[in-house]
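Here's the structure, in structure tokens; my notes come after.
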Amino acid sequence: MTVQEIIIEALHDLQNWSSDGKVKWNFIDSDLWLHPDAANFEDQELYDGLNNFPDGLVPIWGEFTPRETHPIP
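For any residue, its number in the numbering used here is found by taking its place in the sequence shown, counting from 1, and adding 91.
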């Protein structure tokens, strides 16, 4: 996976959104760094990937079906 694909995957996780439809970017950041494929990238690549992520690729709340990748037991 690319850094961008990891971020897009995290953006589709229900837990990374607030109840008012705003992205919890600190959660996205955490998912990015903890993703198994993140080990394939330098720290600067992960940092730049998140900081330069295109706004146009952020899904609009209510126009996609979120999924829960880390369900709470």
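We put the beta carbon where it would ideally sit given N, CA and C, even for glycine.
Shortest Cα-Cα distance from Met92 to any of Arg158, Asn142, Glu154, His126 involves His126.
Beta-carbon to beta-carbon, Pro157 and His103 are separated by about 6 angstroms, close enough to satisfy the 8 angstroms threshold. Excluding its 5 nearest sequence neighbours in each direction, Asp120 has C-beta neighbours in its own chain below 8 angstroms: Leu141, listed in chain order. Apart from the 5 residues on each side of it in sequence, Glu136 sits with its Cβ closer than 8 angstroms to the Cβ of Val94 in its chain, given in chain order. When DSSP states are grouped into helix, strand and coil, Val149 belongs to the coil group.
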